[in-house]
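Undergrad:
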Amino acid sequence: MTRSPTLSRRALLRVTAIAGTGFMIGCEDPSVVDDNTNSASDTNTNIDTAPLTFNHFINISTDDTVTVVVKHLDKGQGVTTGLPAIVAEELGARWDQMRWQYSPADSTRYNNLFWGPVQGTGGSSSIANSWKQLRTAGAAAREMIINAAAKEWGVPATEITVSNGKAQHSSGKTASIGELAIAASQITPPTEPKLKLARDFKLIGVNASGKLPRMDSKEKSTGTAQYTIDVKRPNMLSAVMAHPPLFGATVKHVDDTKALQIEGVEHVLTTPRGVAVVAKHHWAALKGREALTIEWDDSAAEKRSSDELTAYLQKVVSEPMTAVREEGDIKKAFNESSKTIEMTFDFPYLAHATMEPMNCVLQLKNGECHIWTGSQVPTLDVGTVAAITGIPPENVHLHVQFAGGSFGRRAVPDSDYVAETAMIAKALGKTNPIKLQWTREDDMLGGRYRPMAHHQFQASLDNKGNLTGWHQRATAQSILRGTPFEAMISGAVDDSLTEGGKQLPYSVPNITVEAAEAEIGVPVLWWRSVGHTFNAYSTEVFLDEIAHASQQDPVELRKKLLTKHPKHKKVLELAADKSNWGSALPSNTARGIALHESFNTVVAQVAEVTLNGDGSYRVNKITCAVDCGIAVTPDVVKAQLEGGIGYGLSATMGEAITLKEGRVEQNNFHTYQPLRINQMPEIDVHIVESNEAPTGVGEPGTPPAGPAVANALRALTGKAITQLPIGPSVTT
Amino acid sequence: MIHFMLNGEPVSTDVPEDTPLLWVIRDYFNLKGSKFGCGMGLCGACSMQLDGVSTRTCILPVSAVEGRHVTTIEGLGTADNLHPLQKAWVKHSVPQCGYCQSGQLISASALLAQNPNPTEDDIANAMSGNLCRCGTYPRIKDAILDTAAGGVAQWEPPGSDNAPSADSVSDGVAQEKSVAGGEA
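Quick look at the structure:
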């Protein structure tokens, strides 16, 4: 299906926000829309017909529908509901008249305002960076509708309001926003539209009168939502790639004789990333790949095993590092301490393991390129493909598809599988669209993991048991180093190594946090909450060790140390309160708490865990409190916290990518085992009421889940868990 | 030539016999609701009902369905005529990325057909073959229990005529969005 068939026949009111400077409105002659429709008429570039100076977010049509242009990728987090909700609120629209469509790739009009001139989804920033932009766009449209009605009715604009999709005058006169769309489009746009007061919000926030349901539930419950794997184009060919078995290896020699004899196999192509088999259907391509004989050059490949890498990381931590936070005098604190506590942590590589393995459809034709994929950073992927194919970026068109999960995986600095598809299409030299579909094995063996990490901690206590010194030393591979984003590294060390550790919210008079980057030839990537994953775990588990060593209740100790962070304290207390912290439990059951801020959102979780006699354990319940500013769509916020917790538990309890002589040992869900429904605890999410600007919720649920469980197990066994994953049982 | 019933209709195919049913349904019959997830029968994204039993079709050669009844998500219900479980999925906003949900619904409907009043443990057992990386498990469980209890039989999507309309909340069913590809 394509753009809305009715769109071109409607007069459109365009409310366009020029980033940070003002607003412009354009009324488009419908014929112009049709005339300018891109040659790929079944793509979403049709909305991209106005002059480039416009930023387009809202289309109001005479049939009373309001279409919000969504600049972010939906990978499950619900932006196709949340972003329209912001517009609906300011505009005064009814929820049932709201629609949405993806924007084209455009770094000027659809950029992430937190990132600069890049269109991208990540860092839990979609709602946060769009909040003011879409409120202002919605408010501008509302004012124009009011002014149009005022003109038509001959009454003062101040006597008109817009709600429920209608302009209403105090005399009782009403007109729908669709009825007023054409007249409104003639109105000079306001330069500073007045935003609603939070107390007047009707659709958004925890006290909103209605629970806004997700817009995409029905298509995702009937199998009709379209993902990249579902894209089918005329004359499309299927491709699979034989990747090197070691990271850093390259193709030396290929024998494709047998592969080319397989029915349906059409081409075998050697590319910089491996050997591609192009066939009529995916199954034929797979059979062709199995029939290939490839000799690899692994002279420059990473050949170490996980135990060697762990030893290497420990060595890095034993050597001089760069201080990223220094307060007080850590040496003095330890010299004067009456007790010191030490602990080290080892974290494995983790795969994103999205349910939809990576894939991309790409066509080179007539000097243009069309890409269909679930992309977190469309303008980056466009740039990469332009560089590979030699086609100017303005002629590379990316059509965003729903992503079957991502968690960071579909935001790759070198564009990974998108680049791979472009290489195949270029090597093929034909106009057939190419669908590259990775298998689960390709996906799991494909690198781009959450980095391994090693952390070392020391704390000092004075003779009254007060925490006087905190020293963290961390190493992991940098995610940014050596990529086009390297310039984002502001200091000597990639911030992801210590993010969430460096910002430790607890008041300790002497704090030192140090880090050094490790160098390993395994490609790494941001993985839901990035460096917060290991820093939340190590800091919160270490803090519980301090609580036990100083015989303090973990909640009381945290409260005592949060004197400078009332928001954190409130969230901690809410989670503790809702979990009945301190109330009696059976002797084999305990609670553990963890608190962590990531992406400007503070989350506290209490895990209730039962330990069995054989060392196996069950996480019964997670009680979660979150302060994410105003919860635009509270049910979606809850769903993100539920899912984030599940993702964190999954990794903490059972996931690890390990290497043996450079080869990844896990290749599918029998060896890499995510959480299943029978392991999922009950989850109870509580949102702190707030009128502050919204902050992220996609990632912040993940970091505290692991340490909350580990701290509950610590309470049961007396032993901290310092190596992940925990596995199915613990030593009692 | 292999003959079988697909969503109640007799069909036949002459694709190579070892082709997994999943790829036959997706690539030849163009029903795209069933997804590829692992190719080893481990994740459940490809689940279809084979004579009423939830079956992993990424490892099932098409030759194995000769003469049998295959039901895919497309045969469960449609946007205009949702299966009660699909209504419950919408009511509870179950899907996040949505990729695994066809398989989840196939397994859930097979469960309720066999066991109309499952316990939470029954649900955990029956659904443990279906992975979801978005962590929608609590809502899957709630939606199945709600369906079993008859909670969706009378349920109307918010925003329909008889639903409360404080600024008319709706399920946003008839969205317009530009998706490329499909059966172009």
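These protein sequences, in sequence, are chains A and B.
Under the numbering used here, the first residue of the first sequence is numbered 1422, with each subsequent residue one higher.
Under the numbering used here, the first residue of the second sequence is numbered 3, with each subsequent residue one higher.
Even for Gly, the Cβ is constructed at its ideal location relative to N, Cα and C.
If you measure between the beta carbons of residue 1642(A) and residue 107(B), is that distance less than 8 Å?
TA: Sequence index remark: in the first sequence, residue 1642(A) carries index 221 (1-based). Sequence index remark: in the second sequence, residue 107(B) carries index 105 (1-based). The answer is yes: Cβ separation under 8 Å.
Undergrad: Could you give the DSSP three-state label for residue 1369(A): helix, strand or coil?
TA: Nothing can be reported for residue 1369(A), as the shown portion of chain A is limited to 1422 through 2153.
Undergrad: Quick one: list the residues of chain B neighbouring residue 1830(A), beta-carbon separation under 7 Å, in chain order.
TA: Translated into the one-based positions of the first sequence, residue 1830(A) becomes position 409. Chain B residues near residue 1830(A): none, gap ~10 Å exceeds 7 Å.
Undergrad: Tell me the rounded alpha-carbon separation between residue 1549(A) and residue 1543(A).
TA: Residue 1549(A) sits at position 128 when you count from the first residue of the first sequence. Residue 1543(A) sits at position 122 when you count from the first residue of the first sequence. Distance between the alpha carbons of residue 1549(A) and residue 1543(A): 11 Å.
Undergrad: Could you tell me the alpha carbon to alpha carbon distance between residue 1673(A) and residue 1720(A), rounded to whole angstroms?
TA: Stepping through the first sequence from its first residue, residue 1673(A) is reached at position 252. Stepping through the first sequence from its first residue, residue 1720(A) is reached at position 299. Distance between the alpha carbons of residue 1673(A) and residue 1720(A): 11 Å.
Undergrad: If you run the structure through DSSP and keep just helix, strand and coil, what is residue 2112(A)?
TA: Translated into positions along the first sequence, residue 2112(A) becomes position 691. Coil, per DSSP.
Undergrad: Measuring straight from C-alpha to C-alpha, what distance separates residue 2095(A) and residue 2071(A)?
TA: Translated into positions along the first sequence, residue 2095(A) becomes position 674. Translated into positions along the first sequence, residue 2071(A) becomes position 650. Each residue's Cα considered, the two are about 5 Å apart.
Undergrad: Measuring alpha carbon to alpha carbon, tell me which of 1590(A), 1865(A), 1655(A), 1722(A) ends up nearest residue 1786(A).
TA: Counted from its first residue, the first sequence places residue 1786(A) at position 365. Ranking 1590(A), 1865(A), 1655(A), 1722(A) by Cα distance to residue 1786(A) puts 1655(A) first.
Undergrad: Identify every run of the beta strand (DSSP E) within the segment 2028–2095 of chain A, keeping only runs that are complete inside it and at least 3 residues long; order them along the chain.
TA: You should have 2038–2048.
Undergrad: Can you tell me which of the three DSSP states residue 183(B) falls into?
TA: Looking up residue 183(B) in the second sequence gives position 181. Legend: pLDDT at residue 183(B) = 28, less than 50; position of this residue unreliable, value from coordinates given subsequently. Residue 183(B) falls in the coil class under three-state DSSP.
Undergrad: What three-state label does DSSP hand residue 6(B) in the structure shown?
TA: Position 4 of the second sequence, counting from 1, holds the residue named residue 6(B). Three-state DSSP puts residue 6(B) in a strand.
Undergrad: Do we get a CB-CB distance below 8 Å when we pair residue 1635(A) with the residues of chain B?
TA: Position 214 of the first sequence, counting from 1, holds the residue named residue 1635(A). It does: the Cβ of residue 1635(A) has a partner Cβ on chain B nearer than 8 Å.
Undergrad: Grab the span of the beta strand (DSSP E) containing residue 58(B) for me, first residue to last.
TA: Within the second sequence, numbered from 1, the residue matching residue 58(B) stands at position 56. Where residue 58(B) is concerned, the enclosing beta strand (DSSP E) stretches over 55–58.
Undergrad: Taking Cβ to Cβ, would you say residue 1926(A) is nearer than 8 Å to residue 1864(A)?
TA: Sequence index remark: in the first sequence, residue 1926(A) carries index 505 (1-based). Sequence index remark: in the first sequence, residue 1864(A) carries index 443 (1-based). Their beta carbons are not under 8 Å apart, which means residue 1926(A) does not touch residue 1864(A) by this criterion.
Undergrad: Of all the CB atoms in chain A, is at least one closer than 8 Å to the CB of residue 92(B)?
TA: Stepping through the second sequence from its first residue, residue 92(B) is reached at position 90. Interface residue, yes.
Undergrad: Shorter than 8 Å from the beta carbon of residue 1871(A) to some beta carbon of chain B?
TA: Indexing the first sequence from 1 puts residue 1871(A) at position 450. Chain B, which has no Cβ nearer than 8 Å to the Cβ of residue 1871(A), makes this no.
Undergrad: Mind checking the segment 2100–2122 of chain A against chain B and listing, in chain order, the residues whose C-beta falls within less than 8 Å of any C-beta there?
TA: Listed by position, the residues of the segment 2100–2122 of chain A near chain B (Cβ gap below 8 Å) are 2101, 2103, 2104.
Undergrad: Here's the rule I'm using: 16 or more other beta-carbon atoms within 10 Å means buried, otherwise exposed. How should residue 2062(A) be labelled?
TA: For this step, residue 2062(A) is matched to residue 641 along the first sequence. With 16 or more Cβ atoms within 10 Å of its Cβ, residue 2062(A) is classed as buried.
Undergrad: Nearest-angstrom Cα distance between residue 1906(A) and residue 1494(A)?
TA: Sequence index remark: in the first sequence, residue 1906(A) carries index 485 (1-based). Sequence index remark: in the first sequence, residue 1494(A) carries index 73 (1-based). Rounded to whole angstroms, residue 1906(A) to residue 1494(A) spans 20 Å at the Cα level.
Undergrad: If we count the other Cβ atoms within 10 Å of its Cβ and call it buried at 16 or more, is residue 1869(A) buried or exposed?
TA: Within the first sequence, numbered from 1, the residue matching residue 1869(A) stands at position 448. Residue 1869(A) is buried by the Cβ-count criterion.
Undergrad: List the residues of chain A that residue 117(B) touches, going by C-beta distances under 9 Å, in chain order.
TA: Along the second sequence, one-based indexing puts residue 117(B) at 115. Ordered by position in chain A, no residue passes the 9 Å Cβ test against residue 117(B), which lies about 16 Å from the chain.
Undergrad: Of all the CB atoms in chain A, is at least one closer than 8 Å to the CB of residue 129(B)?
TA: Stepping through the second sequence from its first residue, residue 129(B) is reached at position 127. Residue 129(B) counts as touching chain A.
Undergrad: Rounded to a whole number of angstroms, what is the C-alpha to C-alpha distance between residue 1462(A) and residue 1845(A)?
TA: As a working mapping, residue 1462(A) is identified with position 41 in the first sequence. As a working mapping, residue 1845(A) is identified with position 424 in the first sequence. Note on residue 1462(A): pLDDT 30, under 50, position unreliable in the model; no value is reported.
Undergrad: At which residues does the alpha helix (DSSP H) containing residue 1678(A) begin and terminate?
TA: As a working note, residue 1678(A) is residue 257 in the first sequence. Looking at the DSSP string, the run of the alpha helix (DSSP H) that includes residue 1678(A) is 1678–1681.
Undergrad: Helix, strand or coil: how does DSSP classify residue 85(B) here?
TA: What you label residue 85(B) is simply residue 83 of the second sequence in a count that begins at 1. Correct three-state label for residue 85(B): coil.
Undergrad: For residue 1822(A), which three-state DSSP category applies?
TA: Within the first sequence, numbered from 1, the residue matching residue 1822(A) stands at position 401. Coil at residue 1822(A), not helix or strand.
Undergrad: When Cβ atoms are compared, which residues of the segment 40–69 of chain B fall closer than 9 Å to chain A?
TA: Of all residues in the segment 40–69 of chain B, 40, 41, 42, 44, 45, 47 have a Cβ within less than 9 Å of some Cβ in chain A.
Undergrad: Check whether chain B comes within 8 Å of residue 1684(A), counting only Cβ atoms and requiring the distance to be less than that.
TA: For the purposes of this step, residue 1684(A) is identified with residue 263 of the first sequence, where counting begins at 1. At least one chain B Cβ lies under 8 Å of residue 1684(A).
Undergrad: Report the three-state DSSP secondary structure of residue 1559(A) (helix, strand or coil).
TA: Here residue 1559(A) refers to the residue found at position 138 of the first sequence. In the structure shown, residue 1559(A) sits in a helix (DSSP, three-state: H, G or I).
Undergrad: With distances taken from CA atoms, which of 1883(A), 2042(A), 1939(A), 1681(A) is nearest residue 1740(A)?
TA: On the first sequence, position 319 is the one that residue 1740(A) refers to. The shortest Cα separation from residue 1740(A) among 1883(A), 2042(A), 1939(A), 1681(A) belongs to 1939(A).
Undergrad: Among the candidates 143(B), 130(B), 126(B), whose CA atom is the shortest distance from the CA of residue 95(B)?
TA: The residue labelled residue 95(B) in the question sits at position 93 within the second sequence. Nearest option by C-alpha distance: 143(B).
Undergrad: Beta carbon of residue 1556(A), beta carbon of residue 1511(A): below 8 Å?
TA: In the first sequence, the residue the question calls residue 1556(A) occupies position 135. In the first sequence, the residue the question calls residue 1511(A) occupies position 90. Going by C-beta atoms, residue 1556(A) is nearer than 8 Å to residue 1511(A).
Undergrad: Below 8 Å CB to CB, which residues in the same chain sit around residue 70(B) once its five sequence neighbours on both sides are set aside?
TA: The residue given as residue 70(B) occupies position 68 in the second sequence. For residue 70(B), where only same-chain residues beyond five positions count, the Cβ hits under 8 Å are 6, 7, 52, 53.
Undergrad: Kindly list the residues whose CB is nearer than 7 Å to the CB of residue 2109(A), restricted to its own chain and excluding five residues on each side of it in sequence; keep chain order.
TA: Here residue 2109(A) is taken as the residue at index 688 of the first sequence, counted from 1. Contacts found: 1991, 1992, 1995, 2046, 2047, 2048.
Undergrad: Between the segment 69–82 of chain B and chain A, which residues of the former have a C-beta closer than 9 Å to a C-beta of the latter?
TA: Listed by position along the chain: 74, 75, 76, 78, 79, 80, 81.
Undergrad: If you reduce the DSSP assignment to three classes, tell me which class residue 47(B) lands in.
TA: Indexing the second sequence from 1 puts residue 47(B) at position 45. Here residue 47(B) sits in coil by DSSP.
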